[in-house]
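Report on the structure given below.
Residue numbers (our numbering), protein chains in the order written: chain S, 1 to 238; chain X, 239 to 476; chain V, 477 to 714; chain G, 715 to 952; chain U, 953 to 1190; chain F, 1191 to 1428.
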């Protein structure tokens, strides 16, 4: 099984990290290919970045010609998911929804620990549209930007503080609220008595599940194929 | 990986059918063991049956001494799920929630096609508690009892008629709303232009996913271990 | 009018206490009979206990042959209610919903003060299914187990502390969240400027109301009579 | 026990009918006194009427000097309920909420059959504020005005047609959605296989229940006593 | 364009203040006329006042014979809105809903800072009925009565303290929760880094918008014209 | 006052039509400037188009150097709104939310009549995020594509048929669910007894209202300024 994992920003080291996380989660026969959009934001933190990222990711996907069986969208709370479902004939799994789906199986309420507080709205909307917002007790920011996550000691400390607030709000399970946090579940797991779900890993398993069962996106409603029409994907050179 | 799949009623032929469906879905390295409760209802269609079934299934699970890695509860809309999560240290996945989780990934709204209309309330409550009710467009009965599903021509016809009603209510994906329907997705798939999700298969994949990622039920809240106390699991003989 | 009040656990002293509470609430012409399940948990604190209790209570009710006019289920947040509605031709009132119904008439928001935090989920689900969750501001645990309630000084102190948290969350009325708290409303009433509703008392009054108006459970939908079929209510002796 | 039942319009024959319904429901020791507002609308069908009625009913209640133990507000979906709770030290029960509370105990979903379609909004809002809207499957109009209900053959026919629509929407229990329908439950009961709840009767039983348990409105929040201030209750004569 | 702005209480100085706020907001060609009900409460703080006010305001409006193009109802959280929509052929805008509509355009969540905590319930219900409650993060009381707002230093301090609590609850925009606060947005604006919306000003702009577009209340449903019938608007002199 | 109105697709004739609708609605002192994205889809009908459009519109806005006081986003149900709020210091009003805000003032429930059924999901999500979904009774498709709207006889017929379905679902007010329908309100108004709200016109009035009151987007939460970082807005030329 061949799964394509797309980063939603243009930072290649982050794609590598995401691919590492995806490979750790993948079943023996699954191959993971990483994609980095050729344009878009360096990191996505806010609505403007997210909308820019969505178009860039869709442009990248429509240009990707190697065959594959499923796509994982590795931007937590970022836009584009439904567009990819229209575009592609293979299953599309977004790490936001994926983490929430698995978290619902592990406890009555889950919490998301993310980067900056400003991204909470997008995450809430994304969970709502995916149909899994109901059991989300809280989305809590760590105050760290996407590209600040590298310094892992600071990250772990900020994560644990935010996790405490999620627990106070009723969370029994935690979700890593950024693709760049992939792998962190092991570092924080020891200090927390709660399961920690990584969206990248979760999305890989859900993509494998759908492919394994021969299931793909319904064409019978909102995710019908895009209509044929003129679309300009890039600013005309002046 | 060893997954135990429990039927929720005492009908052994149905356990066999469920095990067959589970094996079809399982990954190469996964072994499936079926359990049939030694007591309880012959089939579960209604609240009384469901509560009786819940106690019998929990009693069966607590007496099952072979080691295993995850449990699938194969009663659509039946009770007991949260009790199994308290009881066991391995992940527990119920076919009701499992089908809904995967269906959410395939379309904007899903519909459940089940047996008798009387079971709709239980299914709605089960989806609500699992946190995946929001995108359920409708739960529709076929008018067939659990043990009437065998005659597959009648079943297919009743399923297709009910599916039509679910589609009119907005469903873009269908869920087989009874463990006894496992396998039916292939028979109805040709006649419907929508993905059809079988809960047994979905639950096996989600159980494999959780085990694969080393995740299990949170003990940090509602699913803490049962307290030590006197419990009598069966009527004392007179 | 003859009302049967069933304890949901096997502790007879608790049945006696519940019967005392029910008799205090009953109208002059009402007789109260207590039932103690012959099997099940010693006390119900958690999902496993609750599902075990549900089957044991239903088994007890189906074996109870004296005539009566209504049943009160005296387990706060415990399962079984809908099964009893299918089983019996007389009205069935559960103390969870009963307390909430009366509390809604007394203030804009109510709070539930219960035993252990772990039971909050069940109570929330039970209120939701009963249709009266909307105006519940909070379900707060005292940290006391069901069988610890006897030591009333500790109980009163823990109750008042939990009541404060419910008030902070917006509660204007309190509900005693355990059958074993019946009678406590008088001990805490002096220290609180809020009405305190006891579910046992509330359920007796609602049962009297339904019987007085000649109303009983609808058979026109989810609570139709159980289908005739083979049901084994107890583990076969080995 | 002394219960005051207030009509919400100025039509005295309707007050008499309501008192008759209330007396049929009352327990042996309960006395029922009817009140007719001295001003207000002849019948209440719409928001304007309802707000006019609310002030007139509150004015009537504050001028009523005979002692009593509880008040029933007999205007289905009409305003004023929360004001009466502020004004009075005795329990206040509105027939809208009362019918819904009892209906929730009898089936999973209930439906309201009312007079003109234009009153549906008020009824929905009233049920929502009372915290019992969740399990309401539909509010259906018969097309008959409040004062047209007298001709009972037409009324029965219109009621049965509307009941059918409520059932199709999922109702398992029906509520008479107008004080002027009191008594109708017997005439339509034979033709319907569902329980039919009369709000006047339900409110009398709930008022008796609260008084019997020594419960009254909470002063700890929204229903605190009205502040002392200048209030002019009627237009100054010119 | 001629807009009538009705105070909801009998305090003329407050009408003047409201008219001042309305004129500050009005477009060049708009004339503002203030109305003070001839009867009703001196100030509205609670349900009783609100229902009394509703009837008095409707009585005042039906007696107002000068021609005008729209009405602004200047009672925050007070009743009567829907009745005025039935009564009048011109658009009716209530300051509660108006402030919320504009606030929704300025941030993801808004908060209301009002007078006494006891009015929170009415405000919540009014926002709900108007369809704009979803993004309201909190309704917070300052502890000041309507007629205490004059002392502006105390008012500003209390407002800022309450604003802090609204922000902690997630508000990104604030709404002045009392007609008597009109003008305060400038005094508190400097100290807060959030937009502050005055309902009087907002309602004037929305009324101008509707009139400018030739839109008025739908007669096709709940806001149909009041039925012709006998209505007594005042207590008969004894 | 200078308002910029951006089309969300690249079809210039549609921009002209939108500008015409905006000018018809604008107050005397308001100037309207139309923007057409230099890239993006020819028309937006579906998620892929909408995400492509969002990036193109944001790119167009960030490159627009003439001074202006507010922006209207003229894509019904299209993405980008929140990104524009981050990007710009002036108020941003989207035609989807604008139409809904005004519709809520005119009736208890509104309905949206749009182009293809496939766009319903986006519209529902957009209304939800804007906080005005609650009173939306239905989003109904006409079956016409965005660029098919020109043939107005067919359009009127399809609109009226869809309007009937919205009314049956409870709508008392209609919303034109596509920027390309602007002006249609007059053609269908005669045949319908309901107010019809055009989003372009509504957004102009709301933008004027915000500017008139000196209000702009809150920076205190989700709509903080975009962080400084590297962003590539278009595919690098190869």
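Idealized CB from N, CA, C, for every residue including glycine.
- Taking 8 Å as the threshold, the shortest C-beta distance from residue 217(S) to chain X falls below it.
- Within a 10 Å sphere around the beta-carbon of residue 66(S) sit fewer than 16 other beta-carbons, which makes this residue exposed.
- The alpha carbon of residue 273(X) has as its nearest neighbour, out of 257(X), 392(X) and 401(X), the alpha carbon of 257(X).
- Note on residue 85(S): 16 or more other CB atoms within 10 angstroms of its CB, so buried under the neighbour-count rule.
- Contact between residue 1218(F) and residue 1296(F) fails: their C-beta atoms lie close to 24 Å from each other, not under 8 Å.
- Burial of residue 1183(U) is indicated by the presence of at least 16 other C-beta atoms within 10 angstroms of its C-beta.
- Annotated as proximal: residue 1291(F) and residue 1396(F), with beta-carbon spacing under 8 Å.
- The DSSP-derived three-state label of residue 382(X) is coil.
- When Cβ-Cβ separations below 8 Å define contact, residue 1297(F) makes contact with chain U.
- A Cβ-Cβ distance of about 4 Å is found for the pair residue 574(V) and residue 678(V), placing them in contact under the 8 Å criterion.
- Counting C-beta atoms within 10 angstroms of its own C-beta, residue 17(S) has 16 or more neighbours from the protein chains shown and is therefore classed as buried.
- If you check each beta-carbon in the stretch 1240 to 1267 of chain F against every beta-carbon of chain S, the ones closer than 8 Å belong to 1240, 1241, 1242, 1244, 1245, 1246, 1248 and 1249.
- Rounded to the nearest whole angstrom, the CA to CA distance from residue 375(X) to residue 592(V) is 36 Å.
- When secondary structure is reduced to three states using DSSP, residue 1301(F) falls in the strand class.
- For residue 442(X), DSSP assigns no beta-bridge partner whatsoever.
- Not one beta carbon of chain G lies nearer than 8 Å to the beta carbon of residue 513(V).
- In the same chain as residue 1076(U), and ignoring 5 residues on each side of it, the C-beta atoms closer than 7 Å to its own belong to 1085 and 1091, in chain order.
- Look at residue 1276(F): its C-beta is under 8 Å from a C-beta on chain S.
- When DSSP reads this structure, residue 1197(F) sits in a beta bridge with 1264(F).
- Under the three-state reduction of DSSP output, residue 1294(F) falls in the helix class.
- Residue environment for residue 392(X): exposed (fewer than 16 other C-beta atoms within 10 angstroms of its C-beta).
- Two segments are said to touch when three or more pairs of C-beta atoms, one from each, lie closer than 8 Å; by this definition the stretch 418 to 428 of chain X does not touch the stretch 446 to 453 of chain X.
- Here residue 331(X) carries a strand assignment [DSSP, helix/strand/coil].
- Contact annotation, residue 259(X) with residue 436(X): C-beta distance approximately 6 Å; criterion of less than 8 Å satisfied.
- Taking a Cβ-Cβ threshold of 7 Å, the residues of chain F close to residue 48(S) are 1248, 1273, 1276, 1277 and 1416, in chain order.
- Of all residues in the stretch 116 to 137 of chain S, the ones placed with a Cβ closer than 9 Å to any Cβ belonging to chain X are 128, 129, 130, 131, 132, 133, 134, 135 and 136, in chain order.
- Beta-bridge partners assigned by DSSP to residue 1125(U): 1062(U).
- Under the criterion of beta carbons closer than 8 Å, residue 1261(F) and residue 1222(F) do not qualify as touching, at roughly 11 Å.
- Here residue 240(X) is near residue 307(X), since their CB atoms are less than 8 Å apart.
- Look at residue 614(V) here: in three-state DSSP terms it is strand.
- Interface residue (Cβ-Cβ distance to chain V less than 8 Å): residue 248(X) is classified as such.
- At a beta-carbon threshold of 8 Å, the residues of chain U lying near residue 1294(F) are 1049, 1053, 1082, 1083 and 1084, ordered along the chain.
- The three-state reading of DSSP puts residue 669(V) in coil, since its state is none of H, G, I, E or B.
- The Cβ neighbour count for residue 456(X), taken over all protein chains shown within 10 Å, is at least 16; the residue is labelled buried.
- Any Cβ of chain V closer than 8 Å to the Cβ of residue 410(X) would place that residue at the interface, and such an atom is absent.
- Proximity of residue 1128(U) to chain F, defined by a Cβ-Cβ separation below 8 Å, is not satisfied.
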